[in-house]
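Numbering (the working numbering), first residue to last: 6 to 109. In this text, a Cβ means the ideal position worked out from N, Cα and C, and glycines have one as well.
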């Protein structure tokens, strides 16, 4: 024996309307979810592209600074060499000058 009360017609209509509303809301939410999933995939691809671009830029920056560091080291060596050569030249000029004065 069932003790369930019979469902009246108004309650049945209200339940059907509620089911229809929930179905529409569910379809709307599913569409939003699909859209967000698509956008998330696009953002993932864009993020990977940006990571690759960043890695390339960092690699270029390292090579750039390595180049300039080497150039700076070479320039420093050349400056030191020029300084030594100038000192040697001045010393030779002084020797020649003192030798020339010694002959007089």
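Rounded straight-line distance, which links the Cα of residue j to that of residue i
| i | j | result |
| --- | --- | --- |
| residue 24 | residue 51 | 40 angstroms |
| residue 97 | residue 85 | 18 angstroms |
| residue 78 | residue 53 | 37 angstroms |
Helix, strand or coil at residue i [DSSP, three-state]
| i | result |
| --- | --- |
| residue 71 | helix |
| residue 13 | coil |
Sequence-distant residues of the same chain with beta carbon closer than 6 angstroms to residue i, five excluded per side
| i | result |
| --- | --- |
| residue 35 | none |
| residue 93 | none |
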